[in-house]
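S.K.: Chains as they are written, first to last, in the working numbering: chain A, 2 to 162; chain B, 35 to 378.
We put the CB at the ideal spot given by N, CA and C, even for glycine.
On a predicted model such as this, the values are computed, not experimentally measured, just so you know.
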Amino acid sequence: MGTYDESSLSDMIMKYSSMILRIAVQNTNDFYVAEDITQEVFIKLMTCKKAFDNENYVKAWLIKVTLNMCKNHTKSSWRKRTVSIQEREATQFFVLPEDRYIFELIMKLPDKYKNVLYLYYYEEYTVPEIAELLDKKINTISTWLRRARIELKKMRRNSDG
Amino acid sequence: MDDNSINKYLELMSKVKYDSNDNEKLFVSITKLLNNEDNIQIEKLNSMNTTSMIGADIYPKRHSLIASIATAAILFVLLLVILFPDTITSLYERFIGVSPTPASQTTPNFQTNYTATPILTPKKTPFQTEQQTPSPTVRNVYIRDLTKNEEILNNIYHTIFPDRTDYIAYWMDDNIFWAPAHLQETINIGDYQLYKIKYRYELLPNENSKILFFEEQVVDQLHYRHLYCIRINSTTGEVISKRYDISYLEDSLSYRIISINGVTYLALATNTWEHGELYFSEIVNCETMEPVWNIQDLYPDNWESYKVVLNENGIDLYHGERLDTYLVNFELVRRIPYDELIYA
């Protein structure tokens with residue numbers, strides 16, 4: 002075990018499991034893989050020897066690790082060989098067919114756009130904070146954010162039309 | 035900007051979540067895995083010890099006997115607690131003086147804690163009205179008195195956008211931008227992203243005038259942007275000449291003021307974006323604001339594939355080959371001096 006005990010693990014799970022799951026779902030579009038990644042991230046947290054100064058660092062660390070794990074999963078040859086099965090897809094979270102449809106559209110956005118959208122709007126990180134988190138320039142993040150909005154708008158327009 | 039798309043995105047993402055049962059399952063599976071890992075480590079250690087100490091008695095028999103007695107005692111106490119909980123509690127209070135901690139408090143209570151933590155509600159909907167979400171922090175956005183030059187800029191802004199009578203100048207990170215005056219108490223990073231209009235201006239050499247660039251970000255049609263090139267008298271603020279016909283601008287505008295044979299030119303290079311990366315570059319005569327060269331002169335059919343880097347004496351011309359939707363590989367085609375482009 003690392004610097005965390007079981008009690009702090011339960012706290013971390015309650016606070017961050019859904020955040021990690023959302024990031025993983027966005028990046029993999031596979032519910033089961035997203036669950037595996039969520040579990041792996043927490044195991045990594047529990048076994049890492051890193052001491053965090055405060056909760057913000059823990060959160061940022063969890064986001065980084067999740068994104069890296071998603072990238073590793075995307076790169077893996079296993080994923081390239083397998084075909085997406087509908088029941089594994091993240092759309093199972095949605096009851097309404099319309100929600101499923103729109104979520105499927107969102108899943109078609111490039112991962113980098115989905116990630117900045119999520120971090121900016123959902124997690125309320127600022128552009129400079131996201132830039133630091135993703136190790137990119139502030140201008141790059143601004144650009145991605147703007148393009149993500151444009152794409153999202155187009156998708157909505159197409160789905161409404 | 036269509037706020038519905040963002041709100042819909044947030045709404046959908048809020049449905050992707052772990053409930054309390056999922057959290058509990060996750061906790062159990064992680065602790066199991068971690069314990070297994072620990073056990074595996076111990077087993078590995080034991081097997082290493084056994085191998086290195088073949089024939090040795092690693093656990094002496096008396097230790098096993100003590101362990102058995104201790105286990106039996108613990109089981110007996112547990113049995114008593116289960117069969118006579120009240121008696122045990124009163125005895126405990128009598129001899130120890132405090133109530134034992136209920137077992138439920140020593141294990142994580144997911145249900146209680148989970149419902150008390152509103153982390154699943156989307157926190158930010160940047161397009162909600164002031165009444166719905168008063169902004170908690172003003173992020174370094176401020177208003178101050180205008181300097182003389184800024185006064186000129188402000189006048190130009192209102193000349194370009196005469197309908198924006200309620201817009202005032204704000205500063206953020208030393209960048210000026212204009213936004214509706216009623217936002218001044220609540221303006222946040224979202225508003226800044228929405229309303230910021232970057233401007234750059236340069237003093238033209240040997241002239242009592244300035245050239246000013248506006249990259250306009252139209253609020254309701256975000257992907258339409260324009261570059262305004264305006265030549266003004268820096269003393270009077272009088273607009274001498276202007277031009278604003280480049281659209282679909284991206285924020286990677288680069289420019290250089292160049293002087294060739296006593297004439298001042300403005301070289302511009304930008305990447306434009308609509309359904310992918312496109313590149314555009316041109317050179318404008320600052321006196322007339324008329325273009326004297328643009329990339330279409332060299333490549334009329336596929337000008338958008340050529341990216342220009344502006345150097346001190348000329349341009350570096352790169353051809354971009356698209357590898358996939360968002361990845362382009364650039365190859366240097368040639369270097370061309372400015373005068374060769376202008377007098378071609």
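Leaving out five residues on either side along the sequence, give the residues of the same chain with a beta carbon under 6 Å from the beta carbon of LEU22(A).
M.R.: ALA35, THR39
S.K.: Of all Cβ atoms in chain B, is any one closer than 7 Å to the Cβ of SER9(A)?
M.R.: For SER9(A), no Cβ of chain B is located within less than 7 Å of the residue's own Cβ.
S.K.: Please classify VAL111(B): is it buried, with 16 or more other beta-carbons within 10 angstroms of its beta-carbon, or exposed?
M.R.: exposed
S.K.: Would you call HIS216(B) buried or exposed, if buried means 16 or more other Cβ atoms sit within 10 Å of its Cβ?
M.R.: exposed
S.K.: Given this structure, state the Cα-to-Cα distance separating ASP331(B) from GLU365(B), to the nearest angstrom.
M.R.: 20 Å
S.K.: So, for SER293(B): in the same chain, excluding its five sequence neighbours on each side, which residues have a beta-carbon less than 7 Å away from its beta-carbon?
M.R.: The answer, listed in chain order, is PRO239.
S.K.: Straight-line CA distance for THR181(B) to ILE194(B)?
M.R.: 20 Å
S.K.: Strictly under 7 Å for the Cβ-Cβ distance: is ASN363(B) near chain A by that measure?
M.R.: no
S.K.: Could you pull the start and end residues of the beta strand (DSSP E) that LYS341(B) belongs to?
M.R.: Start and end: 340-344.
S.K.: Below 8 Å CB to CB, which residues in the same chain sit around ALA149(A) once its five sequence neighbours on both sides are set aside?
M.R.: LEU110, TYR114, LYS115, VAL117, LEU118
S.K.: Out of MET47(A), GLU56(A), VAL26(A), ALA52(A), which has the shortest C-alpha to C-alpha gap to LYS72(A)?
M.R.: When the alpha-carbon of LYS72(A) is set against those of MET47(A), GLU56(A), VAL26(A), ALA52(A), the nearest one is in VAL26(A).
S.K.: Would you grab the beta carbon distance between GLY271(B) and ASN189(B) for me? Rounded to a whole angstrom, and I think it's under 8 Å.
M.R.: 5 Å
S.K.: Looking at the secondary structure, which residues open and close the beta strand (DSSP E) in which TYR201(B) lies?
M.R.: 201-206
S.K.: Are ASN363(B) and GLU355(B) closer than 7 Å when you measure CB to CB?
M.R.: yes
S.K.: Cα separation between ILE186(B) and VAL42(A)?
M.R.: 55 Å
S.K.: For GLN139(B), count neighbouring Cβ atoms within 10 angstroms of its own Cβ and tell me buried if that reaches 16, exposed if not.
M.R.: Unreliable placement is indicated for GLN139(B), whose pLDDT of 37 sits below 50; the coordinate value is still reported in the next sentence. For GLN139(B), the number of other beta carbons within 10 angstroms of its own is below 16, and it is reported as exposed.
S.K.: Chain A beta carbons: is any one of them nearer than 7 Å to that of PHE61(B)?
M.R.: yes
S.K.: Rounded to a whole number of angstroms, what is the C-alpha to C-alpha distance between ILE210(B) and ARG234(B)?
M.R.: 10 Å
S.K.: For the segment 124-144 of chain A against the segment 48-67 of chain B, are there 3 or more C-beta pairs whose distance is under 8 Å?
M.R.: no
S.K.: Please say whether TRP212(B) and TYR191(B) have beta carbons closer to each other than 7 Å?
M.R.: yes
S.K.: So what does LEU287(B) bridge to, in DSSP terms?
M.R.: Note: LEU287(B) sits in no beta bridge, so no partner.
S.K.: Which residues, taken in chain order from the segment 38-64 of chain B, show a beta carbon closer than 7 Å to some beta carbon of chain A?
M.R.: ASN38, SER39, ILE40, LYS42, TYR43, LEU44, LEU46, MET47, LYS49, VAL50, LYS51, TYR52, ASN57, LEU60, PHE61, SER63, ILE64
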